[in-house]
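Residue numbers (the working numbering), protein chains in the order written: chain A, 7 to 418; chain B, 7 to 418.
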């Protein structure tokens with residue numbers, strides 16, 4: 007059995023968290039804002055690559071900035087076992103989302119080095135570009151292109167809120183590599199990640215075996231009304247795009263509360279009215295709708311409900327743009343079993359659960375047997391928030407399971 | 007009786023509207039965006055001053071950029087009759103709001119010149135700074151400081167959305183004048199303005215005599231929630247500032263619909279969530295609330311209802327900031343009578359009505375007998391919108407009433 011250095015893992019997590027650190031006024035804590043392809047992300051990438059090289063890994067960067075660290079196997083010709091995640095973050099993040107999987111993978115290699123252990127198959131530690139999708143609007147972008155669901159051209163042409171093109175930003179930070187972005191199918195892919203939810207904490211498990219990822223639907227909605235004077239325009243003559251947007255937000259919450267759509271979660275993360283001045287009835291409102299559901303049929307029904315509601319709104323026009331849409335992705339039973347058996351042998355009790363968040367693993371699942379290891383989060387598993395926290399012990403338990411699962415798979 | 011040149015008036019309106027003109031995508035029309043103290047506003051001010059000087063007016067600019075054009079009277083020592091309005095606009099404006107009152111005042115002087123007519127009292131045409139209040143957040147600003155309700159220091163220290171200080175912008179565009187901003191009480195103030203509502207059109211009158219201005223309440227509200235992951239945070243554990251803001255918007259509409267608050271109008275012109283990304287539950291939402299009511303008691307009751315609703319919202323904290331608050335302002339009965347009698351003698355039928363919008367006249371009413379002349383608007387009187395329109399005939403009728411009312415008052 008491989009034993010990891012939990013202090014080394016923890017210190018790496020904390021050191022990476024200093025890149026993009028900011029004072030979060032809402033929580034009074036220090037948060038992390040390391041959005042994809044920013045200078046902070048570039049600094050994080052350089053720190054990671056330095057650590058990879060120190061660990062003896064052969065580092066390559068592909069055309070989309072995905073980073074790969076190769077540890078050669080006894081039989082180099084065999085397909086590798088890939089372990090990875092992402093180091094980009096949302097604007098109000100903590101230290102663990104994504105980073106635990108990448109630095110956990112690094113810790114696996116460091117521990118194998120300490121033990122002078124070789125594996126039959128090569129081991130690859132991967133860090134995927136723009137997993138969060140908050141800067142360029144498409145999440146799991148790097149892994150989706152690597153696995154073939156999206157094209158490189160699509161990714162390059164995405165623009166952020168300031169109109170900056172992803173392809174240009176990739177060059178600007180010096181991470182447009184030569185390695186072809188399309189990934190040869192690995193032997194297996196295993197990703198360790200914080201749960202970002204309350205299930206493991208509620209059930210009393212430090213580690214979970216992930217059975218799959220729920221369906222995700224992202225839409226950008228623009229409502230068109232008519233600008234009018236706030237003081238004189240009679241209420242019945244108004245076409246208020248802002249009011250309509252507010253009604254959509256309230257309706258989504260009612261959809262969730264109705265129970266008709268199972269375990270549906272609905273979030274309007276962005277809502278803005280235009281022209282956005284006190285004395286003018288808004289002529290335009292823009293909002294994003296994030297729907298999640300572990301059941302594809304119930305997700306489709308929820309989307310149909312929303313579409314009908316938008317259709318019936320008393321506005322001049324409704325424009326909807328699909329930002330992301332994934333069906334429920336089941337993980338490979340054999341990889342799940344490998345994780346569960348390994349944890350048993352380590353004396354670490356686990357439970358099975360589905361992921362509420364999207365992960366790079368769901369993209370890799372399209373080309374290779376895949377599963378994930380979840381680590382318990384504190385404070386109801388709050389995430390995408392500086393309060394996000396997992397204990398050093400729980401992180402170590404998850405990465406120990408990751409390490410020994412990787413060795414098991416790399417030996418077969 | 008003074009006869010005005012309606013074509014000259016119309017051409018001046020259309021020429022001024024070219025400054026700040028933009029293509030409005032929502033309406034497909036050319037709109038006007040001439041916000042206070044912008045370069046477009048400065049260009050408008052220079053055009054106006056040129057016209058004033060061509061008409062023989064003695065032009066002075068005060069410390070807040072308010073513009074005055076003096077036409078000397080037979081008895082220069084007497085307090086003048088002031089006629090005016092504003093030429094700044096909202097971001098999505100038409101050609102008439104404010105401009106009709108200023109260029110109407112100019113047309114009064116031009117017509118008196120054509121007729122070689124002198125008045126006993128001096129006549130002053132005034133253009134007030136930042137009436138709309140959309141750039142610096144306080145409407146009727148120039149007239150409020152001139153009439154003594156607000157201080158010059160308060161005005162100078164206001165900042166726009168980009169953090170630009172009003173006092174600095176005033177210097178930048180070259181309109182910080184030497185004339186003391188505090189205005190010596192005139193003999194009377196009369197303002198001609200488009201109705202910006204459907205009443206005159208509905209009742210079939212081209213011109214209305216305004217009895218007063220309804221109460222106006224502007225508040226800026228910030229709701230504080232907790233950022234959380236959109237995919238994993240259970241609905242019952244969320245503190246969603248965006249949902250709370252949407253509920254406020256819907257509640258305000260319900261307050262209006264309830265009828266409990268008389269002729270209350272409620273508008274949320276600005277609503278924005280933060281951090282504003284699809285996968286993060288908003289930790290903050292900012293909105294503006296614009297309430298109007300012709301009845302002070304019902305306005306107070308509506309504000310109390312809103313305050314109680316905000317108090318009960320399931321958020322971490324609610325911050326409210328008062329942006330503007332005026333009680334109902336009744337206009338002077340004698341000035342109303344002078345307008346009505348003059349219109350009768352001109353054979354122009356009028357009706358009395360209250361203003362739904364705030365106007366500089368309500369500030370002047372604090373220091374001098376004041377009333378307003380309203381001109382019918384087309385398309386339900388839509389305003390703060392490029393569709394805003396009054397016919398050349400209706401504009402001429404209103405300015406003819408303004409001219410002869412001014413002469414009547416200036417002769418007494």
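Yeah, the Cβ is synthetic: ideal placement off N, Cα and C, and Gly gets one too.
Counting only the Cα atoms, residue 107 of chain A lies some 17 Å from residue 206 of chain A. Interface flag for residue 285 of chain A against chain B is set, since a Cβ pair is found closer than 7 Å. Checking the DSSP bridge columns, you'll see residue 272 of chain A partnered with A:297. Spanning the alpha carbons of residue 255 of chain A and residue 329 of chain A requires a straight line of approximately 18 Å. Uninterrupted alpha helix (DSSP H) stretches at least 4 residues long and entirely within the segment 341 to 412 of chain B occur at 366 to 370, given in chain order. Using a Cβ-Cβ distance cut-off of 8 Å, the segment 334 to 348 of chain A and the segment 210 to 229 of chain A are in contact, since at least three pairs of beta carbons, one from each stretch, lie closer than that value.
Residue 414 of chain B has a beta carbon lying at 7 Å or more from every beta carbon in chain A. Per the Cβ contact rule, the segment 94 to 106 of chain A is in contact with the segment 127 to 143 of chain A (3 or more Cβ pairs under 8 Å). Under the 10 Å beta carbon count, residue 294 of chain A is surrounded by 16 or more other beta carbons and is classified as buried. Assigned with DSSP and collapsed to three states, residue 75 of chain A falls in strand.
In chain order, 25 place their CB closer than 6 Å to the CB of residue 49 of chain B, counting only its own chain and leaving out the 5 sequence neighbours on each side.
Within the segment 260 to 289 of chain B, those residues whose Cβ lies closer than 7 Å to any Cβ of chain A are, in chain order, 262, 271, 273, 274, 275, 276, 277, 278, 279, 281, 282, 283, 284, 285, 286, 287, 288, 289. If you look at residue 175 of chain A, you'll find it in the alpha helix (DSSP H) that goes 172 to 178. A buried status is given to residue 371 of chain B, since no fewer than 16 other beta-carbon atoms sit within 10 Å of its beta-carbon. Of the residues assessed, residue 103 of chain A falls on the buried side of the cut-off, its CB having 16 or more other CB atoms within 10 angstroms. Think of a sphere of 7 Å around the beta carbon of residue 362 of chain B: the chain A residues whose beta carbon falls inside it are 237, 238, in chain order.
About 4 Å separates the Cβ atoms of residue 273 of chain B and residue 236 of chain A, confirming a contact at the 8 Å cut-off. Contacts between residue 248 of chain B and chain A, judged by CB atoms closer than 7 Å, involve 255, 274, 277 in chain order.
As computed with DSSP, residue 8 of chain A is found in no beta bridge at all. Contact check for residue 369 of chain B and residue 155 of chain B: beta-carbon distance about 6 Å, within the 8 Å limit, so the pair qualifies. Bounds of the alpha helix (DSSP H) holding residue 109 of chain B are 105 to 120. With contact defined as three or more Cβ pairs closer than 8 Å, the segment 176 to 186 of chain A and the segment 64 to 74 of chain A are in contact. Scanning B:118, B:73, B:170, B:197 for the CA closest to the CA of residue 375 of chain B turns up B:197.
In the DSSP assignment, residue 208 of chain A falls within the unbroken alpha helix (DSSP H) covering 205 to 209. Annotation: residue 169 of chain B has no Cβ neighbours in chain A at a cutoff of 9 Å; minimum Cβ distance is about 16 Å.
Interface annotation, residue 390 of chain B: in contact with chain A, CB-CB separation under 7 Å. Comparing alpha carbon positions, the residue from A:317, A:380, A:289 closest to residue 233 of chain A is A:289. Below the 8 Å Cβ cutoff, chain B contributes 388, 389, 390, 391 as neighbours of residue 234 of chain A, in chain order.
Residue 34 of chain B has its alpha-carbon roughly 19 Å from the corresponding atom of residue 386 of chain B.
Residue 296 of chain A reaches chain B at 236, 284, 285, counting residues in chain order whose Cβ is nearer than 7 Å. For residue 159 of chain B, the enclosing alpha helix (DSSP H) covers residues 158 to 162.
Within the model, the alpha-carbon separation for residue 323 of chain A versus residue 122 of chain B is close to 55 Å.
Contact of residue 97 of chain A with chain B by beta-carbon distance below 7 Å involves 281, 283.
Collapsing the DSSP output to three states places residue 261 of chain A in a helix. The three-state reading of DSSP puts residue 89 of chain B in strand, counting E and B together.
When CB distances to chain B are screened at a threshold of 8 Å, the residues of the segment 198 to 209 of chain A falling below it are 201, 202, 203, 204, in chain order.
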